[in-house]
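Asker:
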Amino acid sequence: MESAGQRSCVVLLFLLASLVSSETVSQHQSNQIQTNLPLSLPPPPPPSLDPEVVSLNNDFDWKLVKEVFQREQQNTIFSPFSVKLLLTLLYEAAGENSTTKLELSKALVGVNLDKSRELYREFLESSTKENGNYEFNIGTRVYVDDGVANVTANYTELVEWCYKTNIERVDFGRTAETVAKVNDWCSNITHGHLNELVTEDHIKNSVMIIANVLFLKASWRNSFDESNTRKREFHVSPTHSTKPEFMEQTDIYAYLDDPELQLEMVRLPYKGRLFSMYIVLPYANRTLDQMVSTLTADNLIKLEGKLLREEVVVVIPKFKFDYGATLNDALTTLGIS
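FYI, the numbering for the sequence shown is -22 to -1, 1 to 315, going by mature numbering (1 follows the signal peptide of the UniProt record, and there is no 0).
#1: Taking the C-alpha atoms as reference points, what is the distance between residue 210 and residue 67?
#2: Counting only runs of 4+ residues fully inside the region 100 to 158, write out the alpha helix (DSSP H) ranges in chain order.
#3: Shortest alpha-carbon distance to residue 208 belongs to which of 129, 250, 295?
#4: Count the other C-beta atoms from every protein chain shown that fall within 10 angstroms of the C-beta of residue 226, then say buried if there are 16 or more, exposed otherwise.
#5: I'd like to know if the region 177 to 194 and the region 155 to 166 are in contact, where contact means that at least 3 CB-CB pairs between them fall below 8 Å.
#6: By alpha-carbon positions, which one of 142, 113, 304, 205 ends up nearest to residue 194?
#7: Need the endpoints of the alpha helix (DSSP H) that residue 72 sits in, please.
#8: Label residue 262 either buried or exposed according to how many other C-beta atoms from any shown protein chain fall within 10 Å of its C-beta, with 16 as the threshold for buried.
#9: Counting beta carbon pairs with one atom in the region 108 to 128 and one in the region 246 to 256, are three or more of them shorter than 8 Å?
#10: Between which residues of its own chain and residue 270 is the CB-CB distance below 7 Å, once the five residues before and five after are set aside?
#11: By the DSSP assignment, the beta strand (DSSP E) with residue 227 in it spans what residues?
#12: What residue does the beta strand (DSSP E) around residue 271 start on, and which one ends it?
#13: Note down, in chain order, each residue of its chain lying with its Cβ closer than 7 Å to the Cβ of residue 129, except the 5 sequence neighbours on either side.
#14: Assuming residue 120 contacts residue 137 under a Cβ cut-off of 8 Å, what Cβ separation, rounded to an integer in Å, is found between them?
#15: I need the straight-line Cα distance from residue 99 to residue 191, nearest angstrom please.
#16: Please report how far the alpha carbon of residue 232 lies from the alpha carbon of residue 273, in whole angstroms.
#17: Distance, Cα to Cα, residue 58 vs residue 125?
#18: Looking at residue 281: is its Cβ nearer than 8 Å to the Cβ of residue 243?
#19: Measure the C-alpha to C-alpha separation of residue 199 and residue 246 and round it to an integer number of angstroms.
#20: I believe residue 308 touches residue 63 by the beta-carbon criterion, under 8 Å. Please report the beta-carbon distance rounded to the nearest angstrom.
#21: Can you give the Cα-Cα distance for residue 289 and residue 312, rounded to whole angstroms?
#22: Please state whether DSSP places residue 254 in a helix, a strand or coil.
#23: Do residue 293 and residue 212 count as a contact pair if the criterion is CB distance below 8 Å?
#24: Quick one, which of 151, 70, 291, 260 has its alpha-carbon nearest residue 230's?
#25: Distance, Cα to Cα, residue 101 vs residue 139?
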């Protein structure tokens, strides 16, 4: 399998939801990872959770991935988990029987809200445990304008218990001060790697901002030897190629070659075993578009279960992402307007 990495990487993912007269979600992402391809599986949820709830959440993840990829038609990186978490917080805040609550319920929650809440609580609690092999921070904050009605005590307790966040009252009329407050919080979560999450344009006309930031700094369990770095041909399309730097490593990896779906999959674990990168590569006679259109959340999970440990030559290009997108259109297609 041709796919290269650096000995360590930093991943920054951040998402912002701004509530005005109607809910809007926009996402900006910066990624200093040198070893990534567009498709990756989300971290598995705790095994104690109901499979039906797990399946429902994975289904939303993959539908959103496909929708964004088909619209962007470029290198894309974002966190479906962050999108889902922020939309769930909006769901919890929406009025009973409102259009917003009904749309979000169909897309995200399903029939068992208690189990969905437990999914978030267990994952967010486990993510805060310290580990010497990597550094992982996830932060969520709800900012509410002082000029709106008081947030109920029930909602405040719910977001603290299930979603591990709290609500902060701010004066959105003092735009510069609010921007500084949000950006200082973001900079603290990411240890200074991301210092501008919002601008004054995000604050204007808003009554609530829900922000989520993910920060991961980790080293590969199977380190790549920098002496193996060299330029290779990279086929962007059947008629166009470039020659970026590639890194190469031969080692034992969990790997699968699937002739039926005409793809290869390999898992590249980070030290500590909690996080891994999954790379899915279409056969040479298939485009990325063709592969994405045939994949579903269910068969991705099944593919993961078929991975076998064997010696694999992994060769992947070094590259850096700086990507931003507005997800309103993609979410509208999924039934969230």
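Glycine included, every Cβ here is placed at the ideal spot set by N, Cα and C.
Answerer: Here's the rundown:
#1: The residue given as residue 210 occupies position 232 in the sequence shown. The residue given as residue 67 occupies position 89 in the sequence shown. In a straight line, the C-alpha of residue 210 is about 45 Å away from that of residue 67.
#2: 131 to 140
#3: Along the sequence shown, read from residue 1 onward, the residue named residue 208 stands at position 230. Minimum Cα distance to residue 208 is reached at 295.
#4: Residue 226 sits at position 248 when you count from the first residue of the sequence shown. Buried, since its Cβ has 16 or more Cβ neighbours within 10 Å.
#5: yes
#6: Against the sequence shown, residue 194 aligns to sequence position 216. Selected option, being the one with the closest Cα: 113.
#7: In the sequence shown, residue 72 corresponds to position 94, counting from 1. Here residue 72 belongs to no alpha helix (DSSP H), and DSSP marks it neither H nor E.
#8: Stepping through the sequence shown from its first residue, residue 262 is reached at position 284. Exposed, by the Cβ-count rule.
#9: yes
#10: In the sequence shown, the residue the question calls residue 270 occupies position 292. Closer than 7 Å at Cβ, skipping near neighbours: 44, 47.
#11: Your numbering for residue 227 matches position 249 in the sequence shown. First-last of the beta strand (DSSP E) with residue 227: 223 to 236.
#12: Stepping through the sequence shown from its first residue, residue 271 is reached at position 293. No beta strand (DSSP E) holds residue 271; the alpha helix (DSSP H) holding it covers 266 to 272.
#13: Here residue 129 refers to the residue found at position 151 when the sequence shown is read from its first residue. Result list for residue 129: 122, 145, in chain order.
#14: Residue numbering aside, residue 120 sits at position 142 when the sequence shown is read from its first letter. Residue numbering aside, residue 137 sits at position 159 when the sequence shown is read from its first letter. Residue 120 to residue 137, Cβ: 6 Å. Contact.
#15: Residue mapping note: residue 99 aligns to position 121 of the sequence shown, counting from 1. Residue mapping note: residue 191 aligns to position 213 of the sequence shown, counting from 1. Each residue's Cα considered, the two are about 17 Å apart.
#16: As a working note, residue 232 is residue 254 in the sequence shown. As a working note, residue 273 is residue 295 in the sequence shown. Taking the straight line joining both Cα atoms gives about 20 Å.
#17: Position 80 of the sequence shown, counting from 1, holds the residue named residue 58. Position 147 of the sequence shown, counting from 1, holds the residue named residue 125. Answer to the nearest angstrom: the Cα atoms are 31 Å apart.
#18: For this step, residue 281 is matched to residue 303 along the sequence shown. For this step, residue 243 is matched to residue 265 along the sequence shown. Yes; because the gap between Cβ atoms is below 8 Å, this pair is in contact.
#19: Translated into the one-based positions of the sequence shown, residue 199 becomes position 221. Translated into the one-based positions of the sequence shown, residue 246 becomes position 268. In a straight line, the C-alpha of residue 199 is about 8 Å away from that of residue 246.
#20: In the sequence shown, the residue the question calls residue 308 occupies position 330. In the sequence shown, the residue the question calls residue 63 occupies position 85. 16 Å between Cβ atoms; not a contact.
#21: Looking up residue 289 in the sequence shown gives position 311. Looking up residue 312 in the sequence shown gives position 334. Rounded to the nearest angstrom, the two C-alpha atoms are 40 Å apart.
#22: As a working mapping, residue 254 is identified with position 276 in the sequence shown. Of the three classes helix, strand and coil, the one that applies to residue 254 here is strand, per DSSP.
#23: In the sequence shown, counting from the first residue as 1, residue 212 sits at position 234. In the sequence shown, counting from the first residue as 1, residue 293 sits at position 315. Going by C-beta atoms, residue 212 is not nearer than 8 Å to residue 293.
#24: The sequence position of residue 230 within the sequence shown is 252, counting from 1. The shortest C-alpha separation from residue 230 is found at 291.
#25: Position 123 of the sequence shown, counted from the first residue, corresponds to residue 101. Position 161 of the sequence shown, counted from the first residue, corresponds to residue 139. In a straight line, the C-alpha of residue 101 is about 12 Å away from that of residue 139.
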